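A.B. asks: Going by this note's numbering, the first residue of the sequence shown is number 710, and it counts up by one from there.
Just so you know, even glycine gets a beta-carbon here, dropped at the ideal spot from N, CA and C.
Bear in mind the structure is a predicted one, so any value in this text is a computation, not a measurement.
Just passing along the structure, written as structure tokens.
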Amino acid sequence: MRAQPETYVNADGYAGCQPDQVVGLESTPWPFPTGVAEEIALHHVLEHLGHDPRAIGIMLRVRKSQDGA
710 MRAQPETYVN
720 ADGYAGCQPD
730 QVVGLESTPW
740 PFPTGVAEEI
750 ALHHVLEHLG
760 HDPRAIGIML
770 RVRKSQDGA
């Protein structure tokens with residue numbers, strides 16, 4: 710398992726890799742509130758999100774605004 714900061718939430722659709730949350734990211738909407746993430750790190754994910762063009766927009770919704778709004 711990859712070492713991660715304590716505040717990170719590891720989400721994966723496969724429970725066998727022991728994520729913090731089992732989430733099928735290929736389907737929307739995602740179960741994350743608006744504006745909660747200071748950073749979104751993706752590892753081997755983008756190739757799986759090509760089926761839903763809303764995925765990038767959802768990441769922007771979940772990510773906190775740079776200007777604090």
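Quick check on the DSSP output: what are the complete beta strand (DSSP E) runs of length 3 or more inside the region 741-771, in order along the chain?
C.D. replies: For the region 741-771, not a single whole beta strand (DSSP E) run of length 3 or above is found.
A.B. asks: Tell me whether the beta-carbon of Q730 lies closer than 9 Å to the beta-carbon of P740.
C.D. replies: In the sequence shown, counting from the first residue as 1, residue 730 sits at position 21. In the sequence shown, counting from the first residue as 1, residue 740 sits at position 31. Against a cut-off of 9 Å, the Cβ pair of P740 and Q730 comes out as a contact.
A.B. asks: According to the Cβ coordinates, are G744 and R763 closer than 9 Å?
C.D. replies: Locating residue 744 in the sequence shown gives position 35, where the first residue counts as 1. Locating residue 763 in the sequence shown gives position 54, where the first residue counts as 1. Cβ atoms of G744 and R763: not closer than 9 Å.
A.B. asks: Taking a contact to mean a Cβ-Cβ separation below 9 Å, would you say L734 touches A750 in this structure?
C.D. replies: Along the sequence shown, read from residue 1 onward, the residue named residue 734 stands at position 25. Along the sequence shown, read from residue 1 onward, the residue named residue 750 stands at position 41. No, these two residues do not count as a Cβ contact at 9 Å.
A.B. asks: Which residues share a DSSP beta bridge with V731?
C.D. replies: Residue numbering aside, residue 731 sits at position 22 when the sequence shown is read from its first letter. Paired residue(s): D721.
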